[in-house]
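Visitor:
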(Lines of atoms letter the chains of each structure in order from A and count residues from 1; the text may use other names and numbers.)
(Lines give C-alpha, C1' and ligand atoms only; values in the text may rest on other atoms or scores of the structure.)
Protein backbone atom coordinates (compact mmCIF):
# COMPACT_ATOMS: atom_id res chain seq x y z
CA UNK A 1 0.00 0.00 0.00
CA UNK A 2 1.36 3.43 -0.95
CA UNK A 3 -0.14 6.80 0.05
CA UNK A 4 -3.24 5.06 1.40
CA UNK A 5 -4.12 3.37 -1.91
CA UNK A 6 -4.91 -0.33 -1.59
CA UNK A 7 -4.05 -2.48 -4.58
CA UNK A 8 -6.66 -4.85 -5.93
CA UNK A 9 -5.85 -8.07 -7.73
CA UNK A 10 -7.81 -10.63 -9.72
CA UNK A 11 -6.81 -14.28 -9.97
CA UNK A 12 -8.21 -15.99 -13.07
CA UNK A 13 -8.11 -19.73 -13.73
CA UNK A 14 -7.94 -20.19 -17.50
CA UNK A 15 -8.97 -22.97 -19.88
CA UNK A 16 -11.66 -24.56 -17.73
CA UNK A 17 -13.02 -27.52 -19.71
CA UNK A 18 -13.72 -31.21 -19.14
CA UNK A 19 -10.13 -32.19 -19.99
CA UNK A 20 -8.68 -29.72 -17.44
CA UNK A 21 -11.17 -30.43 -14.63
CA UNK A 22 -8.68 -31.99 -12.21
CA UNK A 23 -6.19 -29.16 -12.65
CA UNK A 24 -8.91 -26.55 -12.22
CA UNK A 25 -9.91 -28.17 -8.93
CA UNK A 26 -6.29 -28.15 -7.82
CA UNK A 27 -5.92 -24.42 -8.47
CA UNK A 28 -9.22 -23.59 -6.79
CA UNK A 29 -8.33 -25.64 -3.72
CA UNK A 30 -5.13 -23.64 -3.34
CA UNK A 31 -7.03 -20.36 -3.69
CA UNK A 32 -9.69 -21.37 -1.19
CA UNK A 33 -6.98 -22.12 1.37
CA UNK A 34 -6.08 -18.45 1.03
CA UNK A 35 -9.66 -17.06 0.91
CA UNK A 36 -8.99 -15.80 -2.62
CA UNK A 37 -11.95 -15.87 -5.04
CA UNK A 38 -11.23 -17.04 -8.56
CA UNK A 39 -12.68 -16.01 -11.89
CA UNK A 40 -13.00 -19.32 -13.73
CA UNK A 41 -12.68 -18.89 -17.48
CA UNK A 42 -14.91 -21.50 -19.10
CA UNK A 43 -14.43 -22.85 -22.63
CA UNK A 44 -18.01 -23.75 -23.66
CA UNK A 45 -17.50 -25.78 -26.84
CA UNK A 46 -15.77 -29.03 -27.66
CA UNK A 47 -12.05 -28.59 -26.99
CA UNK A 48 -9.89 -31.68 -26.44
CA UNK A 49 -13.08 -33.54 -25.62
CA UNK A 50 -16.80 -32.99 -25.12
CA UNK A 51 -18.49 -29.59 -24.66
CA UNK A 52 -18.53 -28.32 -21.08
CA UNK A 53 -22.29 -28.84 -20.68
CA UNK A 54 -21.87 -32.54 -21.49
CA UNK A 55 -19.74 -33.17 -18.38
CA UNK A 56 -22.28 -33.32 -15.53
CA UNK A 57 -19.63 -33.70 -12.81
CA UNK A 58 -17.86 -30.54 -13.97
CA UNK A 59 -21.14 -28.63 -14.24
CA UNK A 60 -22.14 -29.60 -10.69
CA UNK A 61 -18.73 -28.59 -9.40
CA UNK A 62 -18.86 -25.22 -11.18
CA UNK A 63 -22.25 -24.37 -9.69
CA UNK A 64 -20.93 -25.29 -6.25
CA UNK A 65 -17.86 -23.12 -6.83
CA UNK A 66 -20.08 -20.19 -7.79
CA UNK A 67 -22.03 -20.61 -4.56
CA UNK A 68 -18.72 -20.39 -2.68
CA UNK A 69 -17.97 -16.99 -4.24
CA UNK A 70 -16.05 -17.82 -7.41
CA UNK A 71 -17.09 -16.24 -10.69
CA UNK A 72 -17.93 -18.16 -13.88
CA UNK A 73 -16.93 -16.29 -17.06
CA UNK A 74 -16.79 -17.15 -20.76
CA UNK A 75 -13.44 -17.89 -22.42
CA UNK A 76 -14.00 -18.08 -26.16
CA UNK A 77 -16.08 -20.83 -27.74
CA UNK A 78 -13.70 -23.60 -28.86
CA UNK A 79 -10.35 -21.99 -27.85
CA UNK A 80 -8.95 -22.68 -31.32
CA UNK A 81 -7.93 -20.05 -33.85
CA UNK A 82 -10.17 -19.52 -36.88
CA UNK A 83 -8.48 -19.47 -40.32
CA UNK A 84 -8.31 -16.21 -42.23
CA UNK A 85 -8.03 -12.60 -41.20
CA UNK A 86 -5.25 -10.05 -41.72
CA UNK A 87 -1.72 -11.44 -41.92
CA UNK A 88 -0.53 -9.34 -38.97
CA UNK A 89 -3.23 -10.78 -36.71
CA UNK A 90 -2.52 -14.33 -37.83
CA UNK A 91 1.11 -13.72 -36.88
CA UNK A 92 0.06 -12.43 -33.45
CA UNK A 93 -1.94 -15.60 -32.94
CA UNK A 94 1.05 -17.81 -33.71
CA UNK A 95 3.61 -15.84 -31.73
CA UNK A 96 1.65 -14.72 -28.68
CA UNK A 97 -1.18 -17.20 -28.29
CA UNK A 98 0.23 -20.41 -29.76
CA UNK A 99 -2.73 -20.92 -32.04
CA UNK A 100 -5.49 -20.41 -29.47
CA UNK A 101 -6.46 -16.81 -30.30
CA UNK A 102 -9.93 -17.66 -31.54
CA UNK A 103 -11.20 -14.06 -31.62
CA UNK A 104 -8.00 -12.42 -32.89
CA UNK A 105 -9.04 -11.91 -36.53
CA UNK A 106 -12.86 -12.20 -36.66
CA UNK A 107 -15.19 -9.60 -38.13
CA UNK A 108 -18.15 -8.42 -36.05
CA UNK A 109 -20.61 -10.92 -37.54
CA UNK A 110 -18.32 -13.90 -37.00
CA UNK A 111 -17.48 -12.78 -33.47
CA UNK A 112 -21.13 -12.24 -32.54
CA UNK A 113 -21.96 -15.73 -33.80
CA UNK A 114 -19.23 -17.40 -31.73
CA UNK A 115 -20.08 -15.35 -28.66
CA UNK A 116 -23.73 -16.36 -28.94
CA UNK A 117 -22.94 -20.03 -29.53
CA UNK A 118 -20.68 -20.06 -26.51
CA UNK A 119 -23.27 -18.41 -24.30
CA UNK A 120 -25.91 -20.87 -25.52
CA UNK A 121 -23.66 -23.79 -24.52
CA UNK A 122 -23.11 -22.29 -21.09
CA UNK A 123 -26.84 -21.65 -20.71
CA UNK A 124 -27.37 -25.35 -21.42
CA UNK A 125 -25.32 -25.92 -18.26
CA UNK A 126 -27.32 -23.31 -16.34
CA UNK A 127 -24.44 -20.80 -16.45
CA UNK A 128 -24.98 -17.16 -17.46
CA UNK A 129 -21.66 -15.26 -17.42
CA UNK A 130 -21.21 -11.54 -16.93
CA UNK A 131 -17.81 -11.35 -18.59
CA UNK A 132 -15.70 -12.61 -21.47
CA UNK A 133 -11.97 -13.12 -21.85
CA UNK A 134 -10.78 -13.92 -25.39
CA UNK A 135 -8.25 -16.75 -25.63
CA UNK A 136 -4.77 -15.28 -25.67
CA UNK A 137 -6.33 -11.94 -24.58
CA UNK A 138 -6.47 -11.07 -28.30
CA UNK A 139 -9.66 -9.53 -29.68
CA UNK A 140 -10.12 -8.04 -33.15
CA UNK A 141 -11.89 -4.70 -33.66
CA UNK A 142 -14.86 -6.71 -34.92
CA UNK A 143 -14.88 -8.73 -31.70
CA UNK A 144 -14.86 -5.56 -29.62
CA UNK A 145 -17.84 -4.25 -31.59
CA UNK A 146 -19.68 -7.53 -31.06
CA UNK A 147 -18.87 -7.48 -27.34
CA UNK A 148 -20.22 -3.95 -26.92
CA UNK A 149 -23.51 -5.13 -28.44
CA UNK A 150 -23.62 -8.42 -26.52
CA UNK A 151 -25.06 -7.33 -23.19
CA UNK A 152 -22.01 -8.65 -21.33
CA UNK A 153 -20.63 -6.48 -18.54
CA UNK A 154 -16.90 -6.63 -19.28
CA UNK A 155 -14.07 -8.08 -21.32
CA UNK A 156 -10.33 -8.24 -20.73
CA UNK A 157 -7.09 -7.71 -22.62
CA UNK A 158 -3.53 -8.39 -21.51
CA UNK A 159 -3.16 -4.96 -19.94
CA UNK A 160 -6.66 -3.96 -18.92
CA UNK A 161 -10.22 -4.77 -17.91
CA UNK A 162 -12.80 -3.11 -20.16
CA UNK A 163 -16.24 -2.15 -18.80
CA UNK A 164 -18.52 -2.73 -21.80
CA UNK A 165 -21.41 -0.79 -20.28
CA UNK A 166 -19.60 2.45 -19.49
CA UNK A 167 -16.69 2.26 -21.92
CA UNK A 168 -14.19 2.67 -19.09
CA UNK A 169 -10.83 0.92 -19.25
CA UNK A 170 -9.15 -0.13 -16.01
CA UNK A 171 -5.44 -0.74 -16.35
CA UNK A 172 -4.51 -4.00 -14.61
CA UNK A 173 -1.64 -5.83 -16.30
CA UNK A 174 -1.74 -9.61 -16.18
CA UNK A 175 1.09 -11.66 -14.72
CA UNK A 176 1.31 -15.21 -16.02
CA UNK A 177 3.68 -18.00 -16.92
CA UNK A 178 4.58 -19.20 -20.39
CA UNK A 179 5.28 -22.91 -19.87
CA UNK A 180 7.90 -24.25 -22.23
CA UNK A 181 8.59 -20.84 -23.75
CA UNK A 182 11.73 -18.75 -23.79
CA UNK A 183 12.35 -17.11 -20.45
CA UNK A 184 10.16 -19.54 -18.51
CA UNK A 185 12.48 -19.68 -15.50
CA UNK A 186 13.22 -15.96 -15.48
CA UNK A 187 9.51 -15.22 -15.55
CA UNK A 188 8.92 -17.64 -12.68
CA UNK A 189 11.35 -15.64 -10.54
CA UNK A 190 9.88 -12.33 -11.67
CA UNK A 191 6.23 -13.10 -10.94
CA UNK A 192 6.33 -13.07 -7.09
CA UNK A 193 8.63 -10.04 -7.11
CA UNK A 194 6.31 -8.06 -9.38
CA UNK A 195 3.20 -9.00 -7.37
CA UNK A 196 4.83 -7.90 -4.12
CA UNK A 197 6.20 -4.66 -5.57
CA UNK A 198 2.96 -3.65 -7.25
CA UNK A 199 0.83 -4.51 -4.21
CA UNK A 200 3.06 -2.42 -1.92
CA UNK A 201 2.87 0.51 -4.34
CA UNK A 202 -0.93 0.35 -4.53
CA UNK A 203 -0.87 -0.75 -8.17
CA UNK A 204 -3.63 -3.18 -9.14
CA UNK A 205 -2.90 -6.21 -11.31
CA UNK A 206 -3.99 -9.71 -12.26
CA UNK A 207 -2.51 -13.20 -11.88
CA UNK A 208 -3.49 -15.74 -14.53
CA UNK A 209 -3.27 -19.46 -13.79
CA UNK A 210 -3.26 -22.08 -16.56
CA UNK A 211 -3.55 -25.89 -16.46
CA UNK A 212 -0.11 -26.27 -18.03
CA UNK A 213 1.51 -24.39 -15.14
CA UNK A 214 0.92 -27.41 -12.92
CA UNK A 215 2.94 -29.65 -15.21
CA UNK A 216 6.13 -27.55 -15.15
CA UNK A 217 8.63 -27.62 -12.25
CA UNK A 218 8.44 -24.53 -10.10
CA UNK A 219 5.60 -22.72 -11.88
CA UNK A 220 2.92 -23.73 -9.39
CA UNK A 221 5.10 -22.59 -6.49
CA UNK A 222 5.93 -19.31 -8.24
CA UNK A 223 2.27 -18.48 -8.88
CA UNK A 224 1.25 -19.29 -5.31
CA UNK A 225 4.18 -17.27 -3.96
CA UNK A 226 2.95 -14.31 -6.00
CA UNK A 227 -0.55 -14.63 -4.54
CA UNK A 228 0.85 -14.95 -1.01
CA UNK A 229 3.06 -11.90 -1.56
CA UNK A 230 0.12 -9.84 -2.76
CA UNK A 231 -1.96 -10.82 0.27
CA UNK A 232 0.92 -10.13 2.67
CA UNK A 233 1.32 -6.66 1.16
CA UNK A 234 -2.35 -5.92 1.84
CA UNK A 235 -3.75 -6.23 -1.68
CA UNK A 236 -7.48 -7.00 -1.95
CA UNK A 237 -8.48 -10.07 -4.00
CA UNK A 238 -11.56 -9.68 -6.20
CA UNK A 239 -13.24 -11.46 -9.06
CA UNK A 240 -13.50 -9.62 -12.37
CA UNK A 241 -17.20 -8.96 -11.82
CA UNK A 242 -16.51 -7.58 -8.34
CA UNK A 243 -13.72 -5.37 -9.66
CA UNK A 244 -15.92 -3.88 -12.39
CA UNK A 245 -18.74 -3.27 -9.89
CA UNK A 246 -16.39 -1.61 -7.37
CA UNK A 247 -14.69 0.55 -9.99
CA UNK A 248 -18.06 1.51 -11.43
CA UNK A 249 -19.01 2.94 -8.04
CA UNK A 250 -16.00 5.20 -8.20
CA UNK A 251 -13.42 3.33 -6.12
CA UNK A 252 -9.89 4.02 -7.51
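In my numbering, the protein residues as written are 673 to 924.
Where a beta carbon is used, it is the ideal one built from N, C-alpha and C, also for glycine.
Express the C-alpha separation of residue 713 and residue 861 in angstroms, rounding to a whole number.
Guide: Counting from 1 along the chain shown, the entry for residue 861 is found at position 189. Counting from 1 along the chain shown, the entry for residue 713 is found at position 41. The straight-line gap from Cα to Cα measures roughly 25 Å.
Visitor: Spell out a yes or no on whether the region 860–878 and the region 701–708 are touching, meaning 3 or more CB-CB pairs, one atom from each, closer than 8 Å.
Guide: no
Visitor: Could you tell me the boundaries of the alpha helix (DSSP H) in which residue 734 lies?
Guide: If you number the chain shown from 1, residue 734 lands on position 62. Residue 734 -> alpha helix (DSSP H) spans 728–739.
Visitor: Which of the three DSSP states is assigned to residue 753 in this structure?
Guide: Taking the first residue of the chain shown as 1, we reach residue 753 at position 81. The answer is coil: DSSP assigns residue 753 none of H, G, I, E or B.
Visitor: Name the residue from 918, 909, 691, 789 whose alpha carbon lies nearest to the alpha carbon of residue 822.
Guide: Locating residue 822 in the chain shown gives position 150, where the first residue counts as 1. Looking at the Cα atoms, 789 is the closest of the given residues.
Visitor: Using a threshold of 6 Å, is the CB atom of residue 845 nearer than that to any non-hydrogen atom of the ligand PLP?
Guide: Absent from the structure shown: the ligand PLP. Ligands present: none.
Visitor: Pairs of beta-carbons, one from the region 797–816 and one from the region 713–732, closer than 8 Å: are there three or more?
Guide: Between the region 797–816 and the region 713–732 there are three or more C-beta pairs closer than 8 Å, enough to call the two in contact.
Visitor: Please list the terminal residues of the continuous beta strand (DSSP E) segment that includes residue 684.
Guide: Within the chain shown, the letter at position 12 stands for residue 684. Start and end: 680–688.
Visitor: Any idea what DSSP makes of residue 834, helix, strand or coil?
Guide: What you label residue 834 is simply residue 162 of the chain shown in a count that begins at 1. Strand at residue 834.
Visitor: Do residue 807 and residue 848 have their CB atoms nearer than 7 Å?
Guide: Along the chain shown, one-based indexing puts residue 807 at 135. Along the chain shown, one-based indexing puts residue 848 at 176. No, the pair does not count as a contact, with Cβ atoms beyond the cut-off.
Visitor: How far does the beta strand (DSSP E) with residue 714 in it extend, from its first residue to its last?
Guide: Translated into the one-based positions of the chain shown, residue 714 becomes position 42. Where residue 714 is concerned, the enclosing beta strand (DSSP E) stretches over 710–714.
Visitor: Do residue 679 and residue 715 count as a contact pair if the criterion is CB distance below 7 Å?
Guide: By 1-based counting over the chain shown, the position of residue 715 is 43. By 1-based counting over the chain shown, the position of residue 679 is 7. Their beta carbons are not under 7 Å apart, which means residue 715 does not touch residue 679 by this criterion.
Visitor: Report the three-state DSSP secondary structure of residue 776 (helix, strand or coil).
Guide: In the chain shown, residue 776 corresponds to position 104, counting from 1. Coil at residue 776, not helix or strand.
Visitor: The beta strand (DSSP E) that contains residue 703, what's its start and end?
Guide: For this step, residue 703 is matched to residue 31 along the chain shown. Where residue 703 is concerned, there is no enclosing beta strand (DSSP E), although the alpha helix (DSSP H) it sits in stretches over 693–705.
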